[in-house]
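Visitor:
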Amino acid sequence: NNGDSGKPIFKNIGEIDTCGVFDPYKLVYCHAKLIIVNNDGWNDIFITLGDKIAVLKNKKTGDILPKFEFSHIISSKNVTTSGNNFTVILKNTKIKKRYLLDNALNNIWELREIISDNSLTHDSVNSPDKNQIQLSSNIIYVKDRDEIFKVEGETDPQGGKEYYGFNRAFFWDYDNSRKQHLVIGTDRGYFYLLKVEETENEINPFEFDSVGPLEGPDGEIIRAHNRSCGCGIDLNGDGIEDLIVAGISYQMGIKSDPNPGGGIYYMLNKGTDFFGKPLLTELKPLKVIGYDFNIKMNSHIHLQSLDIDNDGEMEIIISNQGDDFKGLIFKVCKDEIAIKYTGTYVKRISIEENLIDIDDDGELELVFAGGETGVGTYRKMDFNCKKP
1332 NNGDSGKPIF KNIGEIDTCG VFDPYKLVYC HAKLIIVNND GWNDIFITLG DKIAVLKNKK
1392 TGDILPKFEF SHIISSKNVT TSGNNFTVIL KNTKIKKRYL LDNALNNIWE LREIISDNSL
1452 THDSVNSPDK NQIQLSSNII YVKDRDEIFK VEGETDPQGG KEYYGFNRAF FWDYDNSRKQ
1512 HLVIGTDRGY FYLLKVEETE NEINPFEFDS VGPLEGPDGE IIRAHNRSCG CGIDLNGDGI
1572 EDLIVAGISY QMGIKSDPNP GGGIYYMLNK GTDFFGKPLL TELKPLKVIG YDFNIKMNSH
1632 IHLQSLDIDN DGEMEIIISN QGDDFKGLIF KVCKDEIAIK YTGTYVKRIS IEENLIDIDD
1692 DGELELVFAG GETGVGTYRK MDFNCKKP
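Numbering-wise (this note's numbering), the sequence shown opens with residue 1332 and increments by one.
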């Protein structure tokens, strides 16, 4: 402070040791907040880890630079909960249960059972109807055979490729089996097929088998910039779902993206090889009729395939940050490989919001898991919107 009287002087005396906090909760960089709590004369710390709150106990060394040790995650029964990004619901018809898939912050995927509980009492402010959606606190990790399925991140300058990535999983019936197979779009822009089989085991209700990164016809790894997403839909009328994907170069990924930019692309599905691996055509830009997207570098894009109007045909809903995240609804063209804007849209769907029938009433809700800092919410949707 140049010797100015009355002004405080600060000195950096080093980093505080937080033994154990990075294992298994490696998320302290996610807009973490610290709260100092006096515990019998010693300062403990509460720290937010994404949607969790960790307790760090003071090791009481008496040193000028204190040391802390990870103790536990704060928990309770029947509390408002959240996740990172809920994208789909997996149904197990053998044991008659539904599971919400969470694309977790640390490049893995988690399943939580959905419990509809009509027996609880609710106040009219927080629960306008008698139905309440509850999620089990038990987390089932998505395992690729015997190991936790995990991909690499790329875009985040703080989290690094191991600990952070914005990834998404949506349905892709690549083999026309009517099973709940998934296409994984990753932070790095790569894609994986995650084959899904139901079991009769409530501890592990599904078996998963990954294929990827997916490749083009010449063996090249398919990449759609960064923070990519994909979904299955039949583009050429052969009765087999092809792939529509999207992505935009983002933050640290801009340097490593061989073709920086953004867009919406497609690959036709030509079946599978002897080993069950999808045979895909090369990645090409998808023709969009009736709307000109304002795609900007270092932003986000999102898509889903759903039968929104209940006409028996799948539509594509695309939301792009450069277009204020309007959820624009498109139909597949019959006479060419293209999609056409219907003139209808959902007012706003961010990359952390997805259309899911979470309450199993046959209607779609817009579900926000909570992201890095929020609390999970959902609401009914009105698809009778007019042209912007």
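No residue lacks a Cβ here, since even glycine has one placed at the ideal position from N, Cα and C.
Source: prediction; values computed, not measured.
Between the Cα of K1526 and those of D1518, N1409, E1533 and F1539, spot the shortest distance and give me the residue it belongs to.
Guide: F1539
Visitor: Among all the DSSP beta bridges, which residues are the ones paired with M1598?
Guide: L1574
Visitor: Mark T1675 as exposed unless 16 or more other C-beta atoms lie within 10 angstroms of its C-beta, in which case mark it buried.
Guide: buried
Visitor: To the nearest angstrom, report how far apart E1703 and Y1494 are at their CA atoms.
Guide: 13 Å
Visitor: What does the Cβ neighbour count give for V1456, buried or exposed, with the cut at 16 atoms within 10 Å?
Guide: The predicted model places V1456 with a pLDDT of 38, which falls under 50 and marks its position as unreliable, so this point remains unresolved.
Visitor: Is it a yes or a no for the segment 1622 to 1638 touching the segment 1548 to 1566, going by three-plus beta-carbon pairs under 8 Å?
Guide: yes
Visitor: Looking at chain D, is there any beta carbon in it that lies within less than 7 Å of the beta carbon of I1366?
Guide: Checking the listed chains, one finds no chain D in this structure; it contains a single protein chain.
Visitor: Per DSSP, T1708 forms a beta bridge with which residues?
Guide: F1699
Visitor: The beta strand (DSSP E) spanning S1650 covers which residue range?
Guide: E1646 to N1651
Visitor: Give me the DSSP bridge partner(s) of F1661.
Guide: I1647 and Y1672
Visitor: I need the boundaries of the beta strand (DSSP E) containing K1526, first residue and last residue.
Guide: Bounds of the beta strand (DSSP E) holding K1526 are F1522 to E1529.
Visitor: Please classify Q1511 as buried or exposed, where buried requires at least 16 neighbouring CB atoms within 10 angstroms.
Guide: buried
Visitor: Using 7 Å as the threshold, is the C-beta distance between G1515 and Y1523 below it?
Guide: In the sequence as presented, Gly is not what sits at residue 1515; that position holds Ile. Yes, the Cβ-Cβ distance between I1515 and Y1523 is below 7 Å.
Visitor: For S1450, count the other beta carbons within 10 Å of its own beta carbon; 16 or more makes it buried, fewer makes it exposed. Which is it?
Guide: Because S1450 carries a pLDDT of 39, less than 50, the predicted location of this residue cannot be relied on, and no value is offered for it.
Visitor: Determine which residues share a DSSP beta bridge with A1435 and list them.
Guide: The partner list for A1435 (beta bridge, DSSP) is empty, contrary to what the question assumes.
Visitor: So what does DSSP say about Y1494, is it helix, strand or coil?
Guide: helix
Visitor: Suppose you measure from the CA of G1699 to the CA of Q1652; what does that come to, to the nearest Å?
Guide: Looking at the sequence itself, residue 1699 is Phe, so the reference to Gly does not match. Straight-line Cα distance between these residues: approximately 17 Å.
Visitor: Would I1571 and N1600 be called neighbours here (beta carbons separated by less than 7 Å)?
Guide: The Cβ atoms of I1571 and N1600 lie closer than 7 Å to each other.
Visitor: Helix, strand or coil for R1509 per DSSP?
Guide: coil
Visitor: Let's see if you can read the secondary structure: which residues bound the alpha helix (DSSP H) around S1587?
Guide: G1584 to S1587
Visitor: What number of angstroms, rounded off, separates the C-alpha of R1499 from the C-alpha of L1436?
Guide: 11 Å
Visitor: Taking three-plus beta-carbon pairs below 8 Å as touching, is the segment 1638 to 1646 in contact with the segment 1588 to 1604?
Guide: no
Visitor: Mapping DSSP to helix, strand and coil, what is D1475?
Guide: D1475: strand per DSSP, three-state reduction.
Visitor: Below 6 Å CB to CB, which residues in the same chain sit around N1438 once its five sequence neighbours on both sides are set aside?
Guide: K1481, V1482, G1484 and G1496
Visitor: Looking only at its chain, what residues have a beta carbon closer than 6 Å to the beta carbon of K1364, apart from the 5 residues adjacent to it on each side?
Guide: T1379
Visitor: Cα-Cα, which of F1656, I1660 and D1654 is closest to E1646?
Guide: I1660
Visitor: What does the Cβ neighbour count give for R1679, buried or exposed, with the cut at 16 atoms within 10 Å?
Guide: exposed
Visitor: Between K1422 and V1473, what straight-line distance do the alpha-carbon atoms span, to the nearest angstrom?
Guide: 14 Å
Visitor: May I have the straight-line CA-CA distance separating P1459 from I1649, to the nearest angstrom?
Guide: Any answer about P1459 is weak, because its pLDDT of 41 lies below 50 and its placement is not dependable; what the coordinates show is given next. Cα to Cα, the separation comes out at about 31 Å.
Visitor: Tell me the DSSP bridge mates of D1289?
Guide: Because the chain spans 1332 through 1719 in this model, residue 1289 falls outside it and cannot be assessed.
Visitor: Just the Cα atoms here: how many angstroms apart are L1545 and I1687?
Guide: Straight-line Cα distance between these residues: approximately 26 Å.
Visitor: Buried or exposed, going by whether 16 or more other CB atoms sit within 10 Å of the CB of E1684?
Guide: A residue is called buried once 16 or more other Cβ atoms fall within 10 Å of its Cβ, and E1684 is buried on that count.
Visitor: Which residue from I1682, F1377 and K1608 puts its Cα closest to that of F1656?
Guide: Ranked by Cα distance from F1656, the first of I1682, F1377 and K1608 is I1682.
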